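Let me begin by presenting the structure, written as structure tokens, before commenting on it.
Protein chains: 2
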Amino acid sequence: MNAVCDHDHLHSGLDGARLDRALSEAEARVVSAGERMTPPRRRVLSLLLESGEPVKAYDLIARFGEDGQAAKPPTVYRALEFLERHGMAHRIASISAYVACAGQEVGGSHAAAFLICDCCGVTREIDGPGQDVIAAAGAAAGYAIARTTIEAHGLCAACRDAA
Amino acid sequence: MNAVCDHDHLHSGLDGARLDRALSEAEARVVSAGERMTPPRRRVLSLLLESGEPVKAYDLIARFGEDGQAAKPPTVYRALEFLERHGMAHRIASISAYVACAGQEVGGSHAAAFLICDCCGVTREIDGPGQDVIAAAGAAAGYAIARTTIEAHGLCAACRDAA
DNA sequence: GCGTTTCTGTTATGAGATAACATCACGGAC
DNA sequence: GTCCGTGATGTTATCTCATAACAGAAACGC
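In order, the protein sequence lines correspond to chains C and G. Count along the first sequence from 1, add 6, and you get the number used in our numbering. Count along the second sequence from 1, add 6, and you get the number used in our numbering.
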């Protein structure tokens, strides 16, 4: 995504049967939560899963129509909000982009931390101890922490080697 | 800042002699780094210090002129970039706002984590173990981490009690 | 079927940030 | 002192990101 280097990048999105399966599973989870996986929601999730890395909202808007027609911004933003609410997508605040949630098994909203390669865009979602540490630090300072944004930028192994 | 509650809030910015002293110290540090503390840079830093909590860029733009005249956006964004470069201000990505750096003693750029009260806006900068933990998790995944964004939202002790 | 709720389509606009270029001030070389 | 290079500022314009507001359509419960 960010062109801070000149070597080639592999891409890691889903396609074909794997994409279909992920979408079906997502739909099942949404339905079991008593909500609907409507066409725009499915479409936005599909675009995020196909990409496999953070995507800008206006890229989603541009790619929304299968026929090349762009969507109107609220269509995509509403879908993103829905997907975030169900823990299927996350906003990466530091780059104003959105990414499909890796751990689609887990239901509902969940904390997440991200490792983002500034070169190829590969993004790893980790649920390590980061949240615990920051929540503990917050508690020590008297804060009741409700939500954390943890984003680490750098180079992934492949890009470091290629550089 | 965010009006998610209805009780009163204390504010914690600098003023008078303490503000003057902070600005003088900042200028000394800039000069010793071989750069200049020009009027717009000083003005933006002053606004951030006076506020004591995260401020939106366009609020800085609106308050820039002592006479009530707004600045042009690049004036303020350039000053913010300069202050960030010198570790005197930080961008809070999750709310698109900027805050003066608490640890003005430390020179140069430094990692930081923030505890942000969604009610009164009070923001604590902590340099706890958060960065280390996330950097270690990144290293374990093969990433060379260059920069982290760590922002925890919740309620500070005062707002929790007042709620 | 009928009302309620939820979602979508659409228009418009608000908020955040930067590109590009002309001009101005500072500091060093001579 | 003056010339020149560098870096900062002023200014215009534009680009990107995100949401408010409201009308219409689809799904659901009864």
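Quick reminder that beta carbons are idealized off the backbone N, C-alpha and C, glycines included. Predicted model, so just to flag it, every value in this text is computed and none were measured.
Item, Value
"C-alpha gap between C:P45 and C:G58, whole angstroms", "20 Å"
"C:E33 versus C:L20: straight-line alpha-carbon distance, rounded", "16 Å"
"Cβ neighbour criterion (16 or more within 10 Å) applied to G:E72", "exposed"
"Residue(s) in a DSSP beta bridge with G:I205", "Because chain G is modelled from 7 through 169, residue 205 of chain G falls outside the range shown and cannot be assessed."
"Identity of the residues DSSP links to C:H96 by a beta bridge", "C:V105"
"C:A106 versus C:V61 - alpha carbon distance", "9 Å"
"N- and C-terminal bounds of the beta strand (DSSP E) containing G:G160", "150–161"
"Identity of the residues DSSP links to C:K62 by a beta bridge", "C:A103"
"Cβ neighbours of C:S100 in the same chain (closer than 6 Å, five flanking residues each side left out)", "E157"
"Neighbourhood of C:V82 by C-beta distance below 8 Å, restricted to the same chain and skipping five residues each side", "P46, V50, A63, L66, I67, F70"
"Environment of C:G136 [buried if 16+ CB atoms lie within 10 Å]", "buried"
"Touching by the beta-carbon criterion (3+ pairs, under 8 Å), the stretch 116–129 of chain G and the stretch 136–148 of chain C", "yes"
"CB contact check: C:S100 to chain G, cutoff 8 Å", "yes"
"Proximal residues, the stretch 135–153 of chain C versus chain G, C-beta separation under 8 Å", "P135, G136, V139, I140, A141, A143, G144, A147, G148, Y149, A150, I151, A152, R153"
"Simplified DSSP assignment, three categories, for G:R91", "helix"
"G:L57, DSSP secondary structure in three states", "Per the sequence presented here, residue 57 of chain G reads as Ser, with Leu not at that position. G:S57: helix per DSSP, three-state reduction."
"C-beta contact flag for G:Y149 and C:C126 at 8 Å", "no"
"For G:R97 and C:R130, the rounded distance between their alpha carbons", "23 Å"
"Beta-carbon spacing of C:L86, C:A76 below 8 Å", "no"
"Under 8 Å between C-beta atoms of G:A39 and G:H92", "yes"
"Proximal chain C residues relative to G:G160, where beta-carbon distance stays under 8 Å", "G144, Y149, A150, I151, A152, R153"
"Short Cβ contact (8 Å threshold) for C:R48 with C:L29", "yes"
"Outcome for C:H159 when other beta-carbon atoms lying within 10 angstroms are tallied against a minimum of 16", "buried"
"Beta-carbon spacing of C:T154, C:I132 below 8 Å", "no"
"Cutoff 8 Å: C:R166 Cβ touching any chain G Cβ", "yes"
"Short Cβ contact (8 Å threshold) for C:A168 with C:H13", "yes"
"Top-ranked residue by Cα proximity to G:E56, from G:A117, G:G134, G:A23", "G:A23"
"Option in C:L89, C:A117, C:R166, C:G134 with minimal Cα separation from C:M43", "C:L89"
"Beta-carbon proximity list for G:R84, same chain, < 7 Å, skipping 5 on both sides", "none"
"C:S102 versus G:S102 - alpha carbon distance", "10 Å"
"Neighbouring residues, chain C, relative to G:C123 (Cβ below 9 Å)", "Y149"
"Boundaries of the alpha helix (DSSP H) in which G:S38 is found, first to last residue", "22–38"
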